[in-house]
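J.: Below is a structure I'd like to ask you about.
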Amino acid sequence: MPIKKEDIQILAYRQYKYKESYEHICWRLAELTESIKINITNGHDVEALESDNLVFFLKNDTLIEPSRDDIAETAEKIYHNSPEKSKLHWYIAEKTLLLGEIKKALVKNG
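Residue numbers for the sequence shown follow my numbering, so the first one is 162 and each next one is one higher.
Written out as structure tokens, the structure is:
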């Protein structure tokens, strides 16, 4: 099921209303990005600061958790790129929904 732009907008707005620190937002985006990277084929092509929906192929039949070191490295890159909070909220919303689709696919195929 394709991810709808409206769903991304709603979730991004909820992120905005939550008023998290910039550092926490960067960490959350890094966590989501690394989770997606490690669980899909060609996941290494997934960058944190992109907004294209992805066609994915699962690598495994269970969700693999990324390492804390990988998350920290990506979070640092995001932080040093200094994107606007609104963009971070958008990317987090998008990747949250994408990771949700990955989880659904795992349940369906498992």
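Just so you know, even glycine gets a beta-carbon here, dropped at the ideal spot from N, CA and C.
What are the start and end residues of the alpha helix (DSSP H) that includes Trp230?
T.: Within the sequence shown, the letter at position 69 stands for residue 230. One point to set straight first is that residue 230 is Asp, not Trp, in the sequence displayed. Unbroken alpha helix (DSSP H) run through Asp230: 229-242.
J.: For Thr223, is the classification buried or exposed, using 16 other Cβ atoms within 10 angstroms of its Cβ as the cut-off for buried?
T.: Translated into the one-based positions of the sequence shown, residue 223 becomes position 62. Per the 10 Å Cβ criterion, exposed.
J.: Helix, strand or coil for Ile186 per DSSP?
T.: Position 25 of the sequence shown, counted from the first residue, corresponds to residue 186. Three-state result, Ile186: helix.
J.: Keeping to the same chain, check which residues put their C-beta closer than 6 Å to that of Asn214; ignore five residues upstream and five downstream.
T.: The sequence position of residue 214 within the sequence shown is 53, counting from 1. Caution applies to Asn214, whose pLDDT of 46 falls short of 50 and renders its modelled position unreliable; the model cannot decide the point.
J.: Assuming Ala254 and Ala191 are in contact, meaning their beta carbons sit under 8 Å apart, how far apart are those beta carbons, in whole angstroms?
T.: Within the sequence shown, the letter at position 93 stands for residue 254. Within the sequence shown, the letter at position 30 stands for residue 191. Not a contact, Cβ separation roughly 15 Å.
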